[in-house]
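Student: Mind looking over this structure? Questions follow.
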Amino acid sequence: EGKPVSVEEIVDNYGGRIHRLSVESGQLDVDYRAAVTTPADPAQVGVTDHSIYLRPSRYAEADKFFGFAAGQFDTSLPKGELLNQVTAFVEDRLDYIPGASDPIDGAADTLLAGAGVCRDYAHLVVALLRALNIPARLVAVYAPGCDPMDFHAVAEALIDGVWVVVDATRLAPRQGLVRISTGRDAADTAFLDNHEGSINLDSYQVTAVVRGDLPIDDGTDRISIG
1 EGKPVSVEEI
11 VDNYGGRIHR
21 LSVESGQLDV
31 DYRAAVTTPA
41 DPAQVGVTDH
51 SIYLRPSRYA
61 EADKFFGFAA
71 GQFDTSLPKG
81 ELLNQVTAFV
91 EDRLDYIPGA
101 SDPIDGAADT
111 LLAGAGVCRD
121 YAHLVVALLR
131 ALNIPARLVA
141 VYAPGCDPMD
151 FHAVAEALID
161 GVWVVVDATR
171 LAPRQGLVRI
181 STGRDAADTA
191 FLDNHEGSIN
201 LDSYQVTAVV
211 RGDLPIDDGT
221 DRISIG
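For reference, each letter of the sequence shown is one residue, going 1 to 226 in the working numbering.
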């Protein structure tokens with residue numbers, strides 16, 4: 001209603017920043033802008049990361065994939081090679097089709113459908129990696145170069161003690177990604193949530209650009225983001 005609203009910044013269980021607003025009924029316009037320097041220092045590996053990010057979760061139900069993953073991939077390979085195999089499999093298996101999936105679909109639904117959007121790609125990558133005993137998680141990001149521009153979702157895999165970014169959609173160069181939030185799956189990384197009330201999202205717009213030329217990502221290098 002034309003008046004500024006105070007914002008409380010809190011840190012979630014996965015290191016993400018949440019901006020919490022307490023508002024009365026009426027129209028609310030939110031404008032968030034930031035300039036960041038990349039690459040930032042790689043994400044730290046927490047003492048409980050192996051345990052947390054190997055467990056099945058709501059949208060990355062790894063326990064449904066144990067037999068499939070063991071039959072589909074060569075589990076004798078080093079984890080870095082397995083990561084490449086999983087990424088190539090998901091890229092080849094799925095078609096990127098907006099509207100092909102529902103918000104409640106998990107990785108098993110995506111595999112059967114053979115289509116989805118970025119979060120579906122990421123969930124399938126995460127579920128397969130966990131089934132292969134590789135800790136993996138979902139990261140919501142800003143993605144310069146993504147077309148059409150929107151919030152984007154990628155996976156991270158813990159390889160040789162470092163969190164490595166995986167994007168089987170190949171919609172944007174990984175070197176330019178900026179982390180928004182991190183979690184077990186999309187249930188932990190929503191860009192908007194509400195409590196004790198109802199809201200109608202009228203519209204939103206995402207713009208993410210880099211200064212100069214976009215980096216080139218051939219998909220083979222191990223890339224980490226801060």
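A virtual CB, placed ideally from N, CA and C, is assigned to each residue, including glycine.
#1: V45 to L54, Cα distance in whole Å?
#2: When the distance is taken between beta carbons, is A131 closer than 8 Å to A153?
#3: State yes or no: is the C-beta of V117 within less than 8 Å of the C-beta of R179?
#4: Is the beta carbon of I223 closer than 8 Å to that of V165?
#5: Mind listing, in chain order, the continuous beta strand (DSSP E) runs of no fewer than 3 residues lying wholly within the stretch 157 to 183?
#6: Would you mind stating whether A155 and A113 have Cβ atoms separated by less than 8 Å?
#7: Since L94 and A107 are thought to touch, with beta carbons under 8 Å apart, how far apart are those beta carbons, to the nearest angstrom?
#8: So that I know if they touch, is there some Cβ in chain B lying closer than 8 Å to that of T38?
#9: Are the beta-carbon atoms of V11 and L21 separated by less than 8 Å?
Tutor: With the given structure in hand:
#1: 14 Å
#2: no
#3: Remark: C-beta atoms of V117 and R179 do not approach each other more closely than 8 Å.
#4: yes
#5: 162 to 166 and 178 to 183
#6: no
#7: Not quite, the Cβ-Cβ distance comes to about 11 Å (not below 8 Å), so this is no contact.
#8: Included in the structure is just one protein chain, with no chain B present.
#9: no
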